[in-house]
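Chains as they are written, first to last, in my numbering: chain A, -16 to 289; chain B, 19 to 329; chain C, 165 to 192.
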């Protein structure tokens, strides 16, 4: 396999896909661990005899717009271990069902679990090429390693390379970014930190909101410190100079301040004042309500009509 | 942690035979939702925009708890337009369940979910009728409501789970559930049916691999947290809320005017109704203000972080 | 831009004004 793709495609991966694959793997693993006979793991073609050998397979769906491939969702597939292929009829049936609910999504590729892509995966990859000319292959490593900092996900594309004079399709790694829509990000945050769904007091809501921002800024700070330490190490001569990295750092610094135009200031202050206005009106509403209560209590206490 | 992912077919069949919920209309108290199911439902609800979407949930029963393992969308929209909208999708549900069983998803349906974009998590008259029908023929079954608009506006998932009482059953007085803002055009529908159902406590669970991946995911999506802007994202919703608030104020003021004129003849309890309406309006206005202030706080923090740096 | 929001805020303001007058008249 080559080290990196040169297709120029940008891959965006949604967290739902990651959680979907994780759920698929854990479910099949727990069934396998509880089962007493090998035949009961029919969901995966009856292949693995132990949880350690387990691989699950599925399809990736999403949208491709120009050079951007956005993987929104996934569904499980049936793997036939005897022919080392995916059940085509099942795939088509599932695709038909998903099209009814998500008509804009197309099959972009497939996924599997494991340490890395296998040579035999090329067979499955090629079989999907008549659905998508250039399918994507996502591999998730389900081994929990607490020392790792990066997501154990690799995305592969196929490229035609001439090896020993023979043109062959090989899988090459591609970079990807995590993309979330606002609602997805909120629900990920909700389950990641297991927040209660009830309102809580105003103080609790404020604390939750500010904690989220604080954590994000803390991450930003730690990233900046890493860059700073690298630059100091380069200056001391402890680390080799990387001109590309230095150019990126310089470019980042020159982008600050991010926005400093009069238009931005006007819009920012407008939002600021709108919020203050709403707060002011809410305060007045509260005062009116309290005043009304006082009047009623006064009337009740000194009511001459009873 | 991962034992919950195993589906005990024999155990579930036994529970279905025993039917402990048949004689106790208040049998179920809790719902446990998997991270995957929540993510799928919220994403589906948001994708519908202002249209009410619908789906079903698969899972199992554990004592008085529904455990939701997965959820899938149905090709049905506008759930508030007719009772039992999911009847349009029975064929789809049968096909989907069959395909699910082939991949080892053995759980049965335990409930249905739908969205109330912008008007809160409660059951309307149509929802109550639908759920009563479901409980009559598909029990154990529960209803879940998600408000994707309020989710984005408030920055937390707005969700509610409910079970209806059977026809003719008079529920005991329950402590008031958490207050939520109901738009003026929905208040009557809410008030008429609010005693016909009760809410279930919702908790969430995730697998060990989910925990690990979500921790690592934070290393990527912290950027999205920092770059989100709730002030711009829910502008239309906030405008709608403020308009609704103004209309409620008008109504409260009209009632106050009538009260003043008829205070000699009106019984005293009428004053309490009008007071509580103003108190509710105050709470609604505070909620709007708090959400706006939260959004503004993020913007001010980001402005001082990224725009106050001199090169 | 934002006219819908300002229309709503204006409505809120006017209703608050008349509510205030109604409450004030109860005081007298």
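We put the beta carbon where it would ideally sit given N, CA and C, even for glycine.
Being a predicted model, the structure only gives us computed values, none of them experimental.
Contact between residue 177 of chain B and residue 133 of chain B is absent: CB atoms are separated by about 10 Å, not below the 8 Å threshold. If you compare the alpha carbons of B:319, B:191, B:231, B:128 with that of residue 6 of chain A, the shortest gap goes to B:231.
One Cα belongs to residue 209 of chain A, the other to residue 232 of chain A, and the distance between them is close to 12 Å. DSSP places residue 114 of chain A in no alpha helix (DSSP H); its state is neither H nor E. Residues of chain B whose Cβ lies closer than 7 Å to the Cβ of residue 186 of chain C are, in chain order, 271, 274, 275. One Cα belongs to residue 155 of chain B, the other to residue 162 of chain B, and the distance between them is close to 18 Å. For residue 236 of chain A, there is no enclosing beta strand (DSSP E); the enclosing alpha helix (DSSP H) covers residues 226 to 237. For residue 178 of chain C, the nearest beta carbon of chain A is not closer than 8 Å to its own beta carbon. Within chain C, the residues whose beta carbon sits less than 9 Å from that of residue 261 of chain B are 168, 171, 172, 175, 176, listed in sequence order. For the 8 Å CB-CB criterion, residue 265 of chain A and residue 306 of chain B form a contact. Contact annotation: the segment 63 to 71 of chain B does not touch the segment 30 to 38 of chain B, with fewer than three C-beta pairs closer than 8 Å.
Under a criterion of Cβ atoms nearer than 7 Å, the residues of chain C adjacent to residue 264 of chain B are, in order, 172, 175, 176, 179. Under the criterion of beta carbons closer than 8 Å, residue -3 of chain A and residue 162 of chain A qualify as touching, at roughly 6 Å. Residue pairing by DSSP leaves residue 247 of chain A without any beta bridge partner.
Contact between residue 41 of chain A and residue 59 of chain A holds, since their C-beta atoms are separated by about 5 Å, short of 8 Å.
With a contact defined as Cβ atoms closer than 8 Å, residue 155 of chain A and residue 18 of chain A miss out at about 37 Å. Counting along the chain, residue 86 of chain B sits inside the beta strand (DSSP E) bounded by residues 83 to 95. For the pair of segments examined, the segment 143 to 155 of chain B was found not to touch the segment 165 to 176 of chain A: the number of CB pairs separated by less than 8 Å stays below three. With respect to residue -5 of chain A, residue 160 of chain A sits close: the two C-beta atoms are nearer than 8 Å. In chain order, 136, 167, 171 place their CB closer than 7 Å to the CB of residue 255 of chain B, counting only its own chain and leaving out the 5 sequence neighbours on each side. Residue 118 of chain B sits buried, since 16 or more C-beta atoms from the chains shown fall within 10 Å of its C-beta. Where residue 117 of chain B is concerned, the enclosing alpha helix (DSSP H) starts and stops at 108 to 120. Burial of residue 195 of chain A is indicated by the presence of at least 16 other C-beta atoms within 10 angstroms of its C-beta.
With a 10 Å radius around the Cβ and a threshold of 16 neighbouring Cβ atoms, residue 86 of chain A comes out exposed. The beta carbon of residue 253 of chain B sits closer than 8 Å to some beta carbon of chain C.
The segment 70 to 134 of chain A contains, as complete beta strand (DSSP E) runs of 3+ residues, the segments 89 to 96, 119 to 123 (chain order). A direct Cα-to-Cα measurement between residue 225 of chain A and residue 19 of chain B gives close to 45 Å. Listed as beta-bridge partners of residue 72 of chain B by DSSP are B:132.
Using a Cβ-Cβ distance cut-off of 8 Å, the segment 206 to 220 of chain A and the segment 81 to 99 of chain B are not in contact, since fewer than three pairs of beta carbons, one from each stretch, lie closer than that value. Taking all protein chains in view, the Cβ of residue 281 of chain A is surrounded by fewer than 16 other Cβ atoms within 10 Å, so the residue is classified as exposed.
Bridge pairing for residue 150 of chain A: A:145 [DSSP]. DSSP places residue 53 of chain A in the strand class (E or B) of the three-state scheme.
For residue 261 of chain A, the nearest beta carbon of chain C is closer than 8 Å to its own beta carbon. From the beta-carbon of residue 309 of chain B, no residue of chain C is found nearer than 8 Å; the closest lies around 14 Å away.
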